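In the numbering used here, the protein residues as written are 118 to 385. Quick reminder that beta carbons are idealized off the backbone N, C-alpha and C, glycines included. Every value quoted in this text rests on a predicted model; they were computed, and no experiment measured them. Structure, as structure tokens:
The structure is reproduced here in structure tokens:
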């Protein structure tokens, strides 16, 4: 679904970059006359952090008109569109803050969630500022969480979605790999660190896909569409460390339109 040694100050910025501020935000809805009633849930990869063109009313949730949910809604004219995805959201934030628009008439739901629960913001900060072995250990700790604890948290979210919107087709979106190994980057993380981070993303995707399938939901795997467009690829659809800092390690507009939108459109 987050680098040679930098200063501690930059490390603090990177934490904010990857994990963004958690918040509920107000739902943005549009009414049309065709298509299913669509609700877009999730974290920053669904809200569109990193793509700009943010709805000012969404505040720190930073919902973008260039995010895949907004792009899909613009192209398909759903009967209603409620966009409650929020940067920094964890599974508990979805349960507490995002499910209000769901109902018996909801026909389509999208969601990306789990990366913040697994602590990949802290992992990226660790990998930026500390040793290779510390970075790899941090990834391995997150993997243990993803295997042993995250499935239950995902079940809670998926059960709640099914209970509130029993007729909805639910599409769960995964996360891209961050790095192209053997790519064009000549500074930054080591190949060992990049490979470890990629392996963490792969595990997160596999666990999420399994939980989605067990709930009868579709899973959208974006690793294929992002292949060749990772950081260090020379044609990245993901921001590396960038300004504004909070957009770092998130999809660019091309990542939303070329990486996420086709996968969601196919699954939807």
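- Residue 223 is bridged by DSSP to 154.
- Shortest Cα-Cα distance from residue 346 to any of 331, 336 and 300 involves 300.
- Taking a cut-off of 8 Å for Cβ pairs, the region 257-268 and the region 282-298 do not touch, as fewer than three such pairs fall below it.
- 313 is the residue among 313, 221 and 324 whose C-alpha sits nearest the C-alpha of residue 251.
- Residue burial is scored here from C-beta neighbours: residue 167 has at least 16 other C-beta atoms within 10 angstroms and is therefore classed as buried.
- If you check the CB distance, residue 183 and residue 173 do not come in under 7 Å.
- Counting C-beta pairs closer than 8 Å gives three or more between the region 217-225 and the region 191-201, which meets the contact rule.
- Rounded to whole angstroms, the Cβ separation of residue 321 and residue 228 is 14 Å, and the two are not in contact under 8 Å.
- Going by C-alpha positions, residue 365 is about 11 Å away from residue 238.
- Residue 171 is bridged by DSSP to 181.
- Non-local beta-carbon contacts of residue 352 in its own chain, meaning distances under 8 Å to residues more than five positions away in sequence, involve 345 and 346 in chain order.
- By a beta-carbon distance limit of 8 Å, residue 232 does not contact residue 154. Their separation comes to about 27 Å.
- Assignment of residue 228 by DSSP, reduced to helix, strand and coil, places it in the strand class.
- Around the C-beta of residue 304, fewer than 16 other C-beta atoms lie within 10 Å, and the residue is accordingly described as exposed.
- By alpha-carbon distance to residue 207, the top candidate from 186, 248, 273 and 156 is 273.
- Setting aside the 5 residues that flank it on each side, residue 158 is surrounded in the same chain by 201, 202, 211, 215, 216, 226, 227, 228, 230 and 278, each with a C-beta closer than 8 Å to its C-beta; the list follows chain order.
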